[in-house]
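Numbering (the working numbering), first residue to last: 814 to 917. Where is the CB? At the ideal position from N, CA and C, for every residue including glycine. The structure under discussion appears below in the form of structure tokens.
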């Protein structure tokens, strides 16, 4: 409920941007589903996930486990803290060792 006004504005903005959006150059993962969207996918096929991700439960553990199953080799956390890296440590020690924090 708290984020509903923000979700409405996000939906409007994304709807305006759809004609300008290009397929991703790399695979992307949505925390809402924990599933991969393959590179080259038409943005119209995943824009609804972008809209819903703001107000839905985050499936972080499932997302990381899916990336590991998909043989993602390196993980990068962009930002000043190491929160995501700490969560990865609890999920998979090997993935934790391959996680870099990039300050921005």
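In or out: residue 826 buried (at least 16 other Cβ within 10 Å) or exposed? Here residue 826 is taken as the residue at index 13 of the chain shown, counted from 1. Under this definition residue 826 is an exposed residue.
Cβ shell of residue 854 (< 7 Å), same chain only, five flanking positions each side left out: Reading the chain shown from its first residue, position 41 is the one you call residue 854. Contacts found: 836 and 837.
So what's residue 822 in DSSP terms, helix, strand or just coil? Position 9 of the chain shown, counted from the start, is the residue given in the question as residue 822. Of the three classes helix, strand and coil, the one that applies to residue 822 here is helix, per DSSP.
Using alpha carbons as the reference points, say which of 866, 839 and 816 lies closest to residue 847. Here residue 847 is taken as the residue at index 34 of the chain shown, counted from 1. Per the Cα distances, 866.
Please name the residue in 834, 816 and 900 whose C-alpha comes closest to that of residue 877. Start at 1 with the first residue of the chain shown, and residue 877 comes out as number 64. Comparing Cα positions, the closest option is 900.
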